[in-house]
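*Asks:* Below you'll find the structure I mean.
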Amino acid sequence: MSDIETFRAETRAWLEANCPASMRQPIVADEMVWGGSQVEFKSADQQLWFERMRERGWFAPGWPVEYGGGGLNRREERVLEEEMRRLGCRQPQYNLGLWMLAPVLLAHGTHEQKLEHLMPMAKGKRRWCQGFSEPNAGSDLASLKTRAEIDGDDFVVNGAKIWTSYGDRGDWMYALVRTDPAAKKQQGISFLLIDMKSPGITVKPIELISGKSSFCEVFFDNVRVPRRQLLGQLNDGWTLGKQLLQHERAAMSKFAEGGTPSHDLLAVGAPYLRDEQGAVCEPELRARMARVLMDAQAFALTHRRVVEEAMAGMDASGPSSIMKLVLTEQEVAKYELLAQLMGQRGLSWEGREFSGDEHDVCRQWLLTKTYTISGGSSEVQLNIIAKRVLGLPG
Ligand SMILES: Cc1cc2nc3c(=O)[nH]c(=O)nc-3n(C[C@H](O)[C@H](O)[C@H](O)COP(=O)(O)OP(=O)(O)OC[C@H]3O[C@@H](n4cnc5c(N)ncnc54)[C@H](O)[C@@H]3O)c2cc1C
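Numbers 0 to 393, taken from numbering that gives the first Met the number 0, label the letters of the sequence shown in order.
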């Protein structure tokens, strides 16, 4: 047996022995385990799976062992992903830091910064939130105004961030701040790592239509951030921020692999296509369902190819925008169809018993509306694709 085949066999055996049966069920929103100091478990199995994967270093299988990772090479990492998918294993820990910040930190951080920040993530003890958007700087992110001025060994931060997902639960924030107001807007920005317990930070949750409030506004009032928490070079934060957004888009396109909650269109929707005698009574909706399912299958195959290309070292910046755009638009189309199929029942919210498959469709339908905005809107992705992939003039 080759080394990789041996690794596959051992990994499969370990997962089969260590992943509890209930952790092999499709993930639902309420059961995602977010790491960090406020980690919560809904069941003993969740905790067991979390602890076992943590001990193995498989929260971050590809990171070096010295930073708390599993030390796997890219092929082994891919094999682990494949074996987890094959068994239907849930992600043991969700954390923006793992998917988005860590690759940037690994590429640009000092050894001390990696030791300070990677290890707690790899142990599930530090949860990160993202402080990029501001009231007048969303799509036009480079217009951000939150200022950081150097004062002795610290930066002093003043301003406000908005749409900070789980800002009230984050232990730390990675943020873009303006450090040179006189420079051209992209050139005066730096990338800071900020402890959310720092004096002068106020976090205010924002209520959402889905009934689940994940957003916050975060205000900074003379917040002192040690200079050693600058990631990369002073005034070079825009380069790092762009790289981070690529990782965010790549992470969002992983929705296709069962990493985030999504209903099974066939299981939930198909019964609504038939009348009481079992005959198909909705041929148009059935055709639409077939299209959505075929698109999903085509996406999954293309996504697999893009991942292989990225593993082979090819530039994935264009594809990450294409993947993010296509997948999120597909999720919207899928839930629009489900909502239509289910009719009034699809709008039910609370106080009604649903079968397991139908649980929370309405909330999820509303949530998909955010997918085409977060991580850069669909229109912004189209602009990026036009410019960077197709080479069209601005
Ligand atoms: C679920 C969710 C989670 C989020 N989490 C975070 C987070 O944790 N941290 C964070 O920093 N931010 C977060 N955001 C904010 C997100 O990044 C911004 O909402 C997004 O970048 C759009 O910015 P905006 O809301 O200011 O809209 P605008 O930029 O004001 O855009 C308004 C509309 O104009 C369109 N538009 C804007 N510019 C162009 C253009 N050049 N060409 C064509 N159309 C254009 C947009 O597509 C959109 O339809 C989150 C957003 C959502 C929905």
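Glycine included, C-beta positions come from ideal geometry on N, C-alpha and C.
Tell me the start and end of each unbroken beta strand (DSSP E) in the stretch 164–238 that is at least 3 residues and wholly inside, in chain order.
*Replies:* Counting whole runs of 3 or more residues, the stretch 164–238 contains the beta strand (DSSP E) stretches 171–177, 188–194, 200–205 and 214–225.
*Asks:* Would you kindly work out how many angstroms separate the C-alpha atoms of tyrosine 93 and lysine 124, rounded to a whole number?
*Replies:* The residue you call residue 93 lines up with position 94 of the sequence shown. The residue you call residue 124 lines up with position 125 of the sequence shown. The alpha-carbon atoms of tyrosine 93 and lysine 124 are separated by roughly 11 Å.
*Asks:* Excluding sequence positions up to five away, which residues of its chain have a Cβ less than 8 Å from the Cβ of aspartate 263?
*Replies:* One-based indexing of the sequence shown puts residue 263 at position 264. Same-chain partners within the cutoff: Pro25 and Asp356.
*Asks:* Is arginine 55 helix, strand or coil when you go by DSSP?
*Replies:* Residue numbering aside, residue 55 sits at position 56 when the sequence shown is read from its first letter. Three-state DSSP puts arginine 55 in coil, outside helix and strand.
*Asks:* Can you have a look at cysteine 361 and say buried or exposed, based on whether 16 or more other CB atoms are within 10 angstroms of its CB?
*Replies:* Indexing the sequence shown from 1 puts residue 361 at position 362. Counting Cβ neighbours within 10 Å, cysteine 361 comes out buried, since at least 16 surround it.
*Asks:* Tell me the DSSP secondary structure of isoleucine 149 in three-state form.
*Replies:* As a first step, residue 149 is located in the sequence shown; it is residue number 150 there, counting from the start. In the structure shown, isoleucine 149 sits in a strand (DSSP, three-state: E or B).
*Asks:* Any heavy atom of ligand 1 inside 7 Å of the beta-carbon of serine 261?
*Replies:* As a working mapping, residue 261 is identified with position 262 in the sequence shown. No, Cβ of serine 261 sits at least 7 Å from all heavy atoms of ligand 1.
*Asks:* Please work out which residues of its chain come closer than 7 Å, Cβ to Cβ, to arginine 53, disregarding the five sequence neighbours upstream and downstream, and give them in chain order.
*Replies:* Indexing the sequence shown from 1 puts residue 53 at position 54. Here the set comprises Lys122 and Gly123.
*Asks:* Threonine 327: beta carbon under 7 Å from a heavy atom of ligand 1?
*Replies:* Numbered from its first residue, the sequence shown carries residue 327 at position 328. Checking every heavy atom of ligand 1 against the Cβ of threonine 327, none is found closer than 7 Å.
*Asks:* Please name the residue in Asp170, Gly231, Pro180 and Ile205 whose C-alpha comes closest to that of isoleucine 193.
*Replies:* The residue you call residue 193 lines up with position 194 of the sequence shown. If we check each option's Cα against that of isoleucine 193, Asp170 comes out closest.
*Asks:* Given 7 Å as the limit, tell me if lysine 160 has its C-beta closer than that to any heavy atom belonging to ligand 1.
*Replies:* For the purposes of this step, residue 160 is identified with residue 161 of the sequence shown, where counting begins at 1. It does: the Cβ of lysine 160 is within 7 Å (strictly closer) of some heavy atom of ligand 1.
*Asks:* Express the C-alpha separation of threonine 109 and proline 198 in angstroms, rounding to a whole number.
*Replies:* Here residue 198 refers to the residue found at position 199 of the sequence shown. Here residue 109 refers to the residue found at position 110 of the sequence shown. About 26 Å.
*Asks:* If you measure from the CB of isoleucine 193, is any heavy atom of ligand 1 nearer than 7 Å?
*Replies:* Here the question's residue 193 lines up with position 194 in the sequence shown. No.
*Asks:* Does the beta-carbon of threonine 163, which I'm using as the reference point, lie nearer than 7 Å to any heavy atom of ligand 1?
*Replies:* Here the question's residue 163 lines up with position 164 in the sequence shown. Threonine 163 Cβ: within cutoff of ligand 1.
*Asks:* Taking 8 Å as the cut-off, does the stretch 27–38 touch the stretch 168–183 (at least 3 CB pairs, one atom from each stretch)?
*Replies:* The answer is yes - the stretch 27–38 touches the stretch 168–183, with three or more Cβ pairs under 8 Å.
*Asks:* Put glutamine 129 into one of helix, strand or coil per three-state DSSP.
*Replies:* On the sequence shown, position 130 is the one that residue 129 refers to. Reduced to three states, the DSSP call for glutamine 129 is strand.
*Asks:* Quick one: does the C-beta of cysteine 18 sit closer than 7 Å to a heavy atom of ligand 1?
*Replies:* Here residue 18 corresponds to residue number 19 of the sequence shown, with the count starting at 1. No, the Cβ of cysteine 18 stays beyond 7 Å of every heavy atom of ligand 1.
*Asks:* Closest to proline 60 by C-alpha separation, out of Leu117, Tyr334 and Leu229, would be which residue?
*Replies:* Taking the first residue of the sequence shown as 1, we reach residue 60 at position 61. Ranking the options by Cα distance to proline 60, first place goes to Leu117.
*Asks:* Sort Leu191, Cys280, Arg223 and Leu365 by Cα distance to valine 103 and report the nearest one.
*Replies:* Locating residue 103 in the sequence shown gives position 104, where the first residue counts as 1. Ranking the options by Cα distance to valine 103, first place goes to Leu191.
*Asks:* For alanine 332, which residues in the same chain have their Cβ closer than 7 Å to its Cβ, ignoring the five residues on either side in sequence?
*Replies:* Start at 1 with the first residue of the sequence shown, and residue 332 comes out as number 333. These residues qualify, in order along the chain: Val291.
*Asks:* Could you name the residues of the same chain whose beta carbon sits closer than 7 Å to that of leucine 97, not counting the 5 residues immediately before and after it, in chain order?
*Replies:* Against the sequence shown, residue 97 aligns to sequence position 98. Closer than 7 Å at Cβ, skipping near neighbours: Phe58, Ala59 and Met120.
*Asks:* What number of angstroms, rounded off, separates the C-alpha of alanine 101 from the C-alpha of glycine 342?
*Replies:* If you number the sequence shown from 1, residue 101 lands on position 102. If you number the sequence shown from 1, residue 342 lands on position 343. Rounded to the nearest angstrom, the two C-alpha atoms are 43 Å apart.
*Asks:* With a 10 Å radius around its C-beta and 16 neighbouring C-beta atoms as the bar for buried, classify arginine 85 as buried or exposed.
*Replies:* The count along the sequence shown starts at 1 and reaches residue 85 at position 86. So arginine 85 ends up on the exposed side.
*Asks:* For ligand 1, I want to know if aspartate 139 counts as a neighbour, meaning its beta carbon is within less than 7 Å of at least one of the ligand's heavy atoms.
*Replies:* In the sequence shown, residue 139 corresponds to position 140, counting from 1. Yes, the beta carbon of aspartate 139 sits closer than 7 Å to at least one heavy atom of ligand 1.
*Asks:* Taking all protein chains shown into account, decide if glutamine 232 is buried (16 or more other Cβ within 10 angstroms of its Cβ) or exposed.
*Replies:* The residue given as residue 232 occupies position 233 in the sequence shown. Its Cβ having fewer than 16 others within 10 Å, glutamine 232 is exposed.
*Asks:* Under 7 Å from any heavy atom of ligand 1, does the C-beta of isoleucine 372 make it?
*Replies:* By one-based count along the sequence shown, residue 372 stands at place 373. True, at least one ligand heavy atom lies under 7 Å from that Cβ.
*Asks:* As a quick exercise: from Ala311, Arg287, Pro91 and Lys241, pick the residue whose alpha carbon is nearest that of glycine 374.
*Replies:* By 1-based counting over the sequence shown, the position of residue 374 is 375. Nearest of Ala311, Arg287, Pro91 and Lys241 to glycine 374, Cα basis: Lys241.
*Asks:* For the alpha helix (DSSP H) containing alanine 136, list its first residue and its last residue.
*Replies:* Looking up residue 136 in the sequence shown gives position 137. From DSSP, alanine 136 is part of no alpha helix (DSSP H); its letter is neither H nor E.
*Asks:* By the three-class DSSP mapping on this structure, what secondary structure does arginine 273 have?
*Replies:* Taking the first residue of the sequence shown as 1, we reach residue 273 at position 274. Arginine 273 falls in the strand class under three-state DSSP.
*Asks:* Quick check: alanine 295 and glutamine 339, are their CB atoms within less than 8 Å of each other?
*Replies:* In the sequence shown, the residue the question calls residue 295 occupies position 296. In the sequence shown, the residue the question calls residue 339 occupies position 340. Result no, Cβ atoms of alanine 295 and glutamine 339 do not sit closer than 8 Å.
*Asks:* Of the choices Val267, Gln186, Pro225 and Ala106, whose alpha-carbon is the least far from that of asparagine 234?
*Replies:* Along the sequence shown, one-based indexing puts residue 234 at 235. For the residues Val267, Gln186, Pro225 and Ala106, the minimum Cα distance to asparagine 234 belongs to Gln186.
*Asks:* With 16 as the cutoff for other CB atoms within 10 Å, does threonine 327 come out buried or exposed?
*Replies:* What you label residue 327 is simply residue 328 of the sequence shown in a count that begins at 1. When all chains shown are included, threonine 327 counts as buried.
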